[in-house]
Every structure is written in C-alpha cells, then in structure tokens.
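Undergrad: When you line the first sequence up against the numbering used here, it's residues -19 to 419, in that order.
Right, I'll just put the structure down here and ask away after.
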Amino acid sequence: MYALVDCNNFYVSCERVFNPSLSYKPIVVLSNNNGCIIARSNEAKALNIPMGAPLHLYKEIIKKNNVIVYSSNYTLYGDMSSRVMNSFNYFVPDVEVYSIDEAFLNLQGFDNSIIYQKMVNMRKKVYQWTGIPVSIGLGPTKTLAKLANKIAKKYSDNGIYQITVSDQLTKILNDFNVEDIWGISKGCGNRLKKVGIYTALQLQRANPRHIRNCLSVVGERIVYELRGYPNLYLENDNVKKSITVSRSFENTVDDLPNLKKALANYIFRAAEKLRFQKGLCSGLCVFINTNRYRKKDLQYSNKGITIFDEPTNDTSLMIKRGFEVLQGIYRVKHNYKKIGVTLINFTINNKELSLKFPTMPGEKFIQGNLFSQSLLSQKKSNKFMKILDNINYRMGAGTIFYGSQGIKINLKNKKISGPLDYYKSKSFTTNWQELPKVN
DNA sequence: TCTGGGGTCCTAGGACCC
DNA sequence: TCTGGGGTCCTAGGACCC
C-alpha cells in the first residue's frame, strides 16, 4: 500500500504558522515579481480565485474581500518543507519527496490493520511538530493514493481516506472524470473523449493496448495503476538529473551586460545546488525569452548548449562558458523578459546519471523503442509485433534489443516492473524459444 | 502597467555509419 | 504502393507534474 501525503494550502499554512492571526482569513501568496497567485487559503478558494491567476485580473475581488496578499518566501517554505518531510521518517522509512508539499510513503511491510491508525497518529504529530495540516490518501498504487488524497481533502473529516480494490473503487472511479486522474491532463482527456472514454472507470476498464495507442506507455501504465497493479514505484534516491535556475525580470532587459549579470548569478546558484548533491555536470544550457504575453512585441526565444571537456562543478568555468553561449544566442533589439540556465549530463561518483538507455558495445542488436509508432507502422514492425506477442508489452518504458542471440530488454531506471519475475530485473535476455507466453 | 519556477519522462526522427 | 536495409547514437521538443 502507498500513501500520498499532501500539505494543505502549503505556502499559506507556512505563513499562518508564524502569524496565527491569519487563521480563517482569505490569504493568497504570490509568485516571483508578485505576478501570479500561486497559493490560496480555503477562504480565498471560496472566492473563486483560481490557481496561477495573474494578480492584476483579481485586484478588485481581493480589495473587496480584504484578501491578505503575501509575496512568496521560498526560504521559509523550503525550511518548513524539510521539517514536514523529516517528520514522516519517524513513522515510515521509505519516503519519496515528490514536491515541496507532497510525499509518497511506501507502506509495504506494515500490517494492513494498523496502517490507518498509524496515519491518524502521523497526521496529528506532524501538525503538533510543524504546525502544518496535511491530508493523506491511501491506496494500493501511487495513482490510487493520489486519488484518495483528493477525496480526503474534499470530503474526509479527519483528512484521511483509503481506497481498496472493491466495489468502493468502482463507485469512486465512476464519479471522477479522466482528467482528475494523476497524469491525465486536459490534452490526454480530449484524446480519450474522442474514443468515448470520459470517466476514470471507463479508463480503468479500457483495453490497455488501446490506451497505449492513444496516450503512449504513460497512459497504459495508468490503466494498470487504476486496477490496483503497481506500475510506478517510489523514487527516493534524492538526486536531481537536471538543475535549473531562472527568473523573469521585473522589467525587460535589452542589453548584454545586464543579461550577463543575471546569468552569472543564476549559474552561481545552480552550481551551488550541484555541489550540494555532490555531483558534476558535463554541460549547460542557457535560454532567453522575450515576454510571450506581449503579442505585439517582437518575439524571440532561443537556447544554446555547451558541453565541457570533462565533468565539472567549477563555477567560474561554467560562467565563462555560459557567457559564450549567451553571446551566441543574444540578438539585439529584443526586450528580454526571462533568462535561465539548466545544468545537464550529471555525474555522481564517476557514474553517469544516464537519461538514455545504456548502449551495449559489442552486441549486435537492433534497437528500437518498444512503443515507437513509426516503427510499428513500418514493415519491420512485424518483427517487433512478434516480440510484443510474446512478452507483456506493458513493461514498455524500456528499449528492446534483439538479434540472432535472442532478445534483450533494458528497463529504464528500474522503475517498471510487473507481476512476473523477469520484470523485476533491470535487463532481460533470452532465446526466442524461451520467451514466456503472457496473457 | 502587471502573467512563476523547477522538475521528469517519452517519442520522433535526424545524422551518420556500413 | 514502393523508393535499400540495417545499426547506432543523439537530441529537440512535447507532455505532464507540482
């Protein structure tokens, strides 16, 4: 079983911890440059102020209802976040910090009969220790725990809700639209509607292969997750695979010296984060944008990448190379609104943090993405279909290699697995004849 | 006037080799 | 309808998430 613990109105709750008089009052917290509303108290939500709303469109409502407005204080939120996350460890060892205000807990190994009460205790203690109220969703998969959390927030008296695979699940899924499911965005929802799938229940009962055509392997995994078969696992290695620092300017900037000044600052901070996770990076990407909302203005956005000779965490080298990239993508006569840097290609303890599948030197294998539509549509797809018929293709997020020796499947980041033994291995090799038949 | 910042993963398909 | 076929490596860009 999994739990998804989510802090209620996190940024607002943080402000309230240090100013209890804010309780029960409508509050919003703003983004950088006070541009957008990125957190709302329940009272503010009741005023129909949406998430991410531009502040200037809601000035009137805010004034009329005496909504208290805060600029964001990320130092405070980050600090509070680690206090909350650390407190989970007191109850459960296996924790994935999913975002600043959310964590998945792996409850495998705990007796089912005590889990609910354990969560009740944890919730109480977290509030006692940190002052932050949390909601907890429980379910047999991450996706269902996410859904349970949604219900807990809305309908549960004690902030906890548990989903089990039963009639209850059927009823719940029937009540939710596909877009309410974690991982199904509006775009995916529209694609599903075109094939007649509107509710979460319809999605759960759909043919996984059919959903794969529609939404790729990502959607297919969700189908299994909704049925209660875990396809997504805890990721708690706590190591980032890319680090970005970027900001919008309060006003636009058009000259290179000022862009450089900002960029140097951001690279400095990105390098700090990199050293914090004791890693090196092999490259960086600099990007700049004009103000995309000003449709009348001349628009320009570009990015440039540089790769270092060897992995480094040397700030001054990164800044020097970052400047070179900036000079390459900088164009005069543009009013820039945003600039940023992303560090890429990380190495930790001399090991590359691969974003790609490992290649296999010396092996004569054909490589192709298991779910590549183009491959499937081509003539050679017949060969792939043969394989797909023989293995359970829902392990899909890997690369499949095959040749005279047999086939080999690499699973990415050990995340994909299933009920069969070989799913659990990182790679899988066998002769054609030995391929297991899967229903 | 005023519209955030930071992530992850998957796929298509280009480029180049024989 | 097809335009040689197979193999390898890489990356831009799209989607989705908070």
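For glycine and all other residues, C-beta sits at the position ideal for the given N, C-alpha and C.
Note that the structure is predicted; figures quoted are calculated from it, not measured.
(1) For the pair the segment 227 to 238 and the segment 308 to 322, tell me if three or more CB-CB distances fall below 8 Å.
(2) Can you tell me which of the three DSSP states residue 136 falls into?
(3) Round the Cβ separation of residue 178 and residue 157 to the nearest angstrom and send it over; I've been treating them as touching at under 8 Å.
(4) Please report the straight-line C-alpha distance between residue 283 and residue 305, rounded to a whole angstrom.
(5) Taking the alpha carbon of residue 36 as the point to measure from, which residue in 10, 55 and 52 has its own alpha carbon closest?
(6) Quick check on the DSSP output: what are the complete beta strand (DSSP E) runs of length 3 or more inside the segment 52 to 105, in order along the chain?
(7) With 16 other CB atoms within 10 Å as the buried threshold, where does residue 110 fall?
(8) Kindly indicate which residue of 70, 123, 80 and 68 has the alpha-carbon position closest to the one of residue 59.
(9) Cα separation between residue 190 and residue 329?
(10) On a Cα-Cα basis, can you pick out the residue from 38, 119 and 24 that is closest to residue -18?
(11) Assuming residue 302 is part of the alpha helix (DSSP H), what are its boundary residues?
(12) Please give the ranges of any beta strand (DSSP E) in the segment 117 to 179, keeping only runs that are unbroken, at least 3 residues long and fully inside the region.
(13) Based on DSSP bridge pairs, tell me the residues matched to residue 323.
(14) Could you give the distance in angstroms between the alpha-carbon of residue 49 and the alpha-carbon of residue 253?
(15) Which whole-angstrom value is the C-beta distance of residue 291 and residue 261, which I expect to be below 8 Å?
(16) In whole angstroms, what is the alpha-carbon distance linking residue 2 and residue 127?
(17) I need the DSSP call for residue -4, collapsed to helix, strand or coil.
(18) Would you kindly check if the distance between the Cβ of residue 106 and the Cβ of residue 114 is under 7 Å?
(19) Out of curiosity, what's the CA-to-CA distance linking residue 422 and residue 122?
(20) Within 10 angstroms of its Cβ, does residue 296 collect 16 or more other Cβ (buried), or is it exposed?
(21) Short of 6 Å in beta carbon distance, which residues of its chain neighbour residue 249, apart from the five on each side in sequence? Order them along the chain.
(22) Please classify residue 250: does DSSP put it in a helix, a strand, or coil?
(23) Count Cβ pairs between the segment -16 to -8 and the segment 77 to 93 that sit closer than 8 Å; are there 3 or more?
(24) For my contact list, residue 212 and residue 205 are in at a C-beta cut-off of 8 Å; report their separation, rounded to the angstrom.
(25) Give the secondary structure of residue 192 by DSSP, where H, G and I count as helix, E and B as strand, and everything else as coil.
(26) Ignore the nearest five residues each way along the sequence and tell me which others in residue 69's own chain have a CB closer than 7 Å to its CB.
(27) Could you check where the beta strand (DSSP E) with residue 215 kicks off and where it finishes?
(28) Quick check: residue 77 and residue 112, are their CB atoms within less than 7 Å of each other?
(29) With distances taken from CA atoms, which of 54, 31, 219 and 138 is nearest residue 326?
(30) What are the boundary residues of the beta strand (DSSP E) that residue 7 is part of?
(31) Of the residues 88, 71 and 147, which one's Cα is nearest the Cα of residue 214?
(32) In whole angstroms, what is the alpha-carbon distance linking residue 71 and residue 133?
(33) I need the boundaries of the alpha helix (DSSP H) containing residue 186, first residue and last residue.
(34) Mapping DSSP to helix, strand and coil, what is residue 39?
(35) What are the start and end residues of the beta strand (DSSP E) that includes residue 282?
TA: Reading from the atomic positions:
(1) yes
(2) For this step, residue 136 is matched to residue 156 along the first sequence. The answer is coil: DSSP assigns residue 136 none of H, G, I, E or B.
(3) Residue numbering aside, residue 178 sits at position 198 when the first sequence is read from its first letter. Residue numbering aside, residue 157 sits at position 177 when the first sequence is read from its first letter. Contact flag correct, Cβ pair sits at about 6 Å.
(4) Along the first sequence, one-based indexing puts residue 283 at 303. Along the first sequence, one-based indexing puts residue 305 at 325. In a straight line, the C-alpha of residue 283 is about 8 Å away from that of residue 305.
(5) The residue labelled residue 36 in the question sits at position 56 within the first sequence. The shortest Cα separation from residue 36 among 10, 55 and 52 belongs to 10.
(6) 75 to 79 and 82 to 86
(7) Within the first sequence, numbered from 1, the residue matching residue 110 stands at position 130. Burial state of residue 110 is buried, judged by a 10 Å Cβ sphere holding 16 or more other Cβ atoms.
(8) Counting from 1 along the first sequence, the entry for residue 59 is found at position 79. Nearest of 70, 123, 80 and 68 to residue 59, Cα basis: 80.
(9) Numbered from 1 along the first sequence, position 210 holds the residue referred to as residue 190. Numbered from 1 along the first sequence, position 349 holds the residue referred to as residue 329. Each residue's Cα considered, the two are about 42 Å apart.
(10) In the first sequence, residue -18 corresponds to position 2, counting from 1. The shortest Cα separation from residue -18 among 38, 119 and 24 belongs to 119.
(11) Within the first sequence, the letter at position 322 stands for residue 302. From DSSP, the alpha helix (DSSP H) with residue 302 extends over 295 to 309.
(12) 140 to 142
(13) As a working mapping, residue 323 is identified with position 343 in the first sequence. Residue 323 is bridged to 223 and 264.
(14) For this step, residue 49 is matched to residue 69 along the first sequence. For this step, residue 253 is matched to residue 273 along the first sequence. Their backbone Cα atoms lie some 30 Å apart in a straight line.
(15) In the first sequence, the residue the question calls residue 291 occupies position 311. In the first sequence, the residue the question calls residue 261 occupies position 281. That belief holds up - the Cβ atoms of residue 291 and residue 261 are roughly 6 Å apart, short of 8 Å.
(16) What you label residue 2 is simply residue 22 of the first sequence in a count that begins at 1. What you label residue 127 is simply residue 147 of the first sequence in a count that begins at 1. Roughly 30 Å between the two C-alpha positions.
(17) Here residue -4 refers to the residue found at position 16 when the first sequence is read from its first residue. The answer is helix: DSSP assigns residue -4 an H, G or I state.
(18) For the purposes of this step, residue 114 is taken as the residue at position 134 of the first sequence. For the purposes of this step, residue 106 is taken as the residue at position 126 of the first sequence. Yes; because the gap between Cβ atoms is below 7 Å, this pair is in contact.
(19) Residue 422 is absent from the model: the chain starts at -19 and stops at 419.
(20) In the first sequence, the residue the question calls residue 296 occupies position 316. Exposed, since its Cβ has fewer than 16 Cβ neighbours within 10 Å.
(21) Within the first sequence, the letter at position 269 stands for residue 249. Hits under 6 Å: 225.
(22) Taking the first residue of the first sequence as 1, we reach residue 250 at position 270. In this structure, residue 250 counts as helix in the three-state DSSP scheme.
(23) yes
(24) Start at 1 with the first residue of the first sequence, and residue 212 comes out as number 232. Start at 1 with the first residue of the first sequence, and residue 205 comes out as number 225. With a Cβ gap of about 6 Å, residue 212 and residue 205 count as contacting.
(25) Sequence index remark: in the first sequence, residue 192 carries index 212 (1-based). Of the three classes helix, strand and coil, the one that applies to residue 192 here is helix, per DSSP.
(26) Taking the first residue of the first sequence as position 1, residue 69 is located at position 89. Same-chain partners within the cutoff: 75.
(27) Here residue 215 corresponds to residue number 235 of the first sequence, with the count starting at 1. From DSSP, residue 215 is part of no beta strand (DSSP E); its letter is neither H nor E.
(28) The residue you call residue 77 lines up with position 97 of the first sequence. The residue you call residue 112 lines up with position 132 of the first sequence. Against a cut-off of 7 Å, the Cβ pair of residue 112 and residue 77 comes out as no contact.
(29) Position 346 of the first sequence, counted from the start, is the residue given in the question as residue 326. Among 54, 31, 219 and 138, the Cα nearest to that of residue 326 is on 219.
(30) Translated into positions along the first sequence, residue 7 becomes position 27. Segment 7 to 10, the beta strand (DSSP E) holding residue 7.
(31) On the first sequence, residue 214 is found 234 positions in, with the first residue counted as 1. Ranking 88, 71 and 147 by CA distance to the CA of residue 214 puts 88 first.
(32) Counting from one through the first sequence, the residue named residue 71 turns up at place 91. Counting from one through the first sequence, the residue named residue 133 turns up at place 153. Whole-angstrom Cα-Cα distance: 21 Å.
(33) Residue mapping note: residue 186 aligns to position 206 of the first sequence, counting from 1. Residue 186 -> no alpha helix (DSSP H), and no H or E assigned at all.
(34) In the first sequence, residue 39 corresponds to position 59, counting from 1. Residue 39: helix per DSSP, three-state reduction.
(35) Working through the first sequence from its first residue, we reach residue 282 at position 302. Here the beta strand (DSSP E) through residue 282 covers 281 to 292.
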